[in-house]
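> Residue numbers (UniProt numbering): 1 to 331.
We treat Cβ as the ideally placed atom computed from N, Cα and C, and that holds for glycine.
1. Cα separation between residue 189 and residue 196?
2. Taking the alpha carbon of residue 218 as the point to measure from, which residue in 178, 72, 76 and 86 has its own alpha carbon closest?
3. Taking 8 Å as the threshold, find out whether the stretch 158 to 175 comes into contact with the stretch 203 to 211 through three or more Cβ pairs.
4. Can you name, in chain order, every residue of its own chain whose Cβ lies under 6 Å from the Cβ of residue 322, other than the five neighbours on each side?
5. How many angstroms separate the CA atom of residue 227 from the CA atom of residue 262?
6. Express the C-alpha separation of residue 138 and residue 75 in angstroms, rounding to a whole number.
7. Checking 8 Å against the spacing of the C-beta atoms, do residue 156 and residue 199 come in under that value?
8. I need the DSSP call for residue 165, collapsed to helix, strand or coil.
9. Is it buried or exposed, residue 124, if we count other Cβ atoms within 10 angstroms and call 16 or more buried?
10. Decide if the stretch 49 to 65 is in contact with the stretch 97 to 114; the criterion is three or more beta carbon pairs, one per stretch, under 8 Å apart.
11. Residue 79 lies in the alpha helix (DSSP H); which residues open and close that run?
12. Just the C-alpha distance for residue 222 and residue 36, rounded to the nearest angstrom, thanks.
13. Am I right that residue 62 and residue 236 are in contact with their C-beta atoms under 8 Å? What's the rounded C-beta distance?
14. Measure from the alpha carbon of residue 135 to the alpha carbon of each residue in 39, 169 and 256, then state which is nearest.
15. Can the beta-carbon of residue 268 be found closer than 8 Å to that of residue 256?
16. Give me the residue from 299, 112 and 181 with the minimum Cα distance to residue 353.
17. Looking only at C-alpha atoms, which of 258, 150, 266 and 241 sits nearest to residue 289?
18. Which residues in the same chain as residue 89 place their Cβ atom closer than 6 Å to its Cβ, once the five residues preceding and following it in sequence are excluded?
19. Please check the pair residue 58 and residue 232, which I expect to be a contact at CB under 8 Å, by giving their CB distance rounded to whole angstroms.
20. Rounded to the nearest angstrom, what separates residue 34 and residue 285 at their Cα positions?
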C-alpha cells in the first residue's frame with residue numbers, strides 16, 4: 001500500500017474581491033436644520049416701508065436723551081447701559097463716544113459720590129470703550145461708600161465691572177470675590193423678585209461673558225415687565241431685534257443653499273453637519289447689521305471656512321490608522 005505525502009504548500013490564487021475595510025463611525029444623527037426648513041424661516045407681516053418712519057422717530061427720540069445737555073450724568077449712563085444690553089447701542093455709537101469724551105473724571109467723582117452703582121457703571125463703560133482708567137479710582141470711591149455691604153445695586157454694578165480687570169489688577173479680583181459673596185448672601189433675603197431674577201442671571205454668567213444677541217433677547221423680556229422703562233426704548237429694541245433676526249435668517253438661508261449645492265454632507269454621510277451651529281458662532285463674532293457689507297462678509301466668511309472643520313475631523317477619525325491620518329492632515 002502506497003504512502004501519502006502531504007503537499008509542502010498550498011498555493012491559492014488571491015481573491016479578486018478583497019474584503020472591504022471596515023471603518024469605524026460615530027453614527028452621528030442627521031441635523032435637525034434641513035435646508036427646506038431653513039428656507040421656510042421668514043417673518044410674516046413685516047412691511048419695511050410702513051415701519052421705517054416709526055423706526056426713525058424712535059431712534060431720534062432716544063438720541064436726544066443721550067445728547068441732552070441738562071440730563072443728569074447718572075441717567076445718561078443708565079440709558080447707555082440699557083441700550084447696550086438691548087443690543088441697539090450700535091445705532092448711537094457716535095453719541096455715546098462723544099458723551100464719554102466730555103466726561104471729566106474729577107467732576108464725575110464729585111457728582112456720583114453718593115451713587116456708587118452709577119460710578120461703577122461709568123468705570124465699566126469707560127473700559128468697554130477702551131478708555132484707560134486705573135483701578136484705584138474705582139476702589140478709592142468704593143472705600144468712601146458707607147454701608148457698602150448692603151448696597152445691592154452698588155454690589156451688582158461692582159460685580160459686573162470687576163470682569164473687565166486687566167492682568168495683575170489684584171484689587172479688582174478681590175473686589176469680584178467680595179461682591180460675589182455678598183450678592184449671594186443678599187439674595188437669600190431679597191423680596192423683590194425682579195431684582196432677584198437679575199442677580200441670579202448675573203451670578204450665573206457675567207454680562208461681559210454673554211453672547212450679545214442672547215442677552216438682548218433676555219433683557220427685552222425684563223424691560224417689558226418693568227413699567228419704569230421708557231416705552232420708546234422698549235418699542236425700538238423689539239423692532240430692531242426683529243429686523244436683525246430677519247437679516248440673520250436671510251444670511252443663513254443663503255449659506256444653507258450654498259452648502260446644499262456643494263453636496264459634501266451627502267457624500268460624507270459619516271461627518272457631522274454643523275452649518276447652523278457654525279453660523280451661530282459667526283453671529284457672536286459680528287452680530288450687528290450696521291456697516292452691513294463688511295459684517296455680512298465677516299459672518300459669511302467665518303461660516304464658509306468653519307463649516308468644513310467638523311468634516312475634516314470626521315475624515316481623520318474615519319481613516320482609522322495614524323499613517324493615513326497624517327497623510328490626509330498634511331495636505
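The answer reads as follows:
1. Position 189 of the chain shown, counted from the start, is the residue given in the question as residue 189. Position 196 of the chain shown, counted from the start, is the residue given in the question as residue 196. Spanning the two alpha carbons is a distance of roughly 10 Å.
2. The residue given as residue 218 occupies position 218 in the chain shown. The residue with the shortest Cα to Cα distance from residue 218 is 86.
3. yes
4. Walking along the chain shown from the start, residue 322 turns up at place 322. Bear in mind that a pLDDT of 47 at residue 322, under 50, signals an unreliable position, so the number given afterwards is only what the model happens to contain. Closer than 6 Å at the Cβ level, and outside the excluded window around residue 322, lies no residue.
5. Counting from 1 along the chain shown, the entry for residue 227 is found at position 227. Counting from 1 along the chain shown, the entry for residue 262 is found at position 262. Approximately 51 Å, taken between the alpha carbons.
6. One-based indexing of the chain shown puts residue 75 at position 75. One-based indexing of the chain shown puts residue 138 at position 138. Using only the alpha carbons, I get a separation of about 19 Å.
7. Here residue 156 corresponds to residue number 156 of the chain shown, with the count starting at 1. Here residue 199 corresponds to residue number 199 of the chain shown, with the count starting at 1. Yes.
8. The residue given as residue 165 occupies position 165 in the chain shown. DSSP places residue 165 in coil when its eight states are reduced to three.
9. If you number the chain shown from 1, residue 124 lands on position 124. Buried, by the Cβ-count rule.
10. no
11. Here residue 79 corresponds to residue number 79 of the chain shown, with the count starting at 1. That run of the alpha helix (DSSP H) goes 73 to 85.
12. Counted from its first residue, the chain shown places residue 222 at position 222. Counted from its first residue, the chain shown places residue 36 at position 36. If I take the Cα positions, the gap works out to 34 Å.
13. Taking the chain shown and counting its residues from 1, the one referred to as residue 62 is at position 62. Taking the chain shown and counting its residues from 1, the one referred to as residue 236 is at position 236. Residue 62 to residue 236, Cβ: 6 Å. Contact.
14. By one-based count along the chain shown, residue 135 stands at place 135. When each option's Cα is compared against that of residue 135, the closest is 169.
15. The sequence position of residue 268 within the chain shown is 268, counting from 1. The sequence position of residue 256 within the chain shown is 256, counting from 1. No, these two residues do not count as a Cβ contact at 8 Å.
16. In the structure displayed, the chain extends from 1 to 331; residue 353 sits before or after that span and is not available.
17. Taking the chain shown and counting its residues from 1, the one referred to as residue 289 is at position 289. Among 258, 150, 266 and 241, the Cα nearest to that of residue 289 belongs to 241.
18. Working through the chain shown from its first residue, we reach residue 89 at position 89. For residue 89, where only same-chain residues beyond five positions count, the Cβ hits under 6 Å are 83.
19. Sequence index remark: in the chain shown, residue 58 carries index 58 (1-based). Sequence index remark: in the chain shown, residue 232 carries index 232 (1-based). Confirmed, about 6 Å.
20. By one-based count along the chain shown, residue 34 stands at place 34. By one-based count along the chain shown, residue 285 stands at place 285. Roughly 24 Å between the two C-alpha positions.
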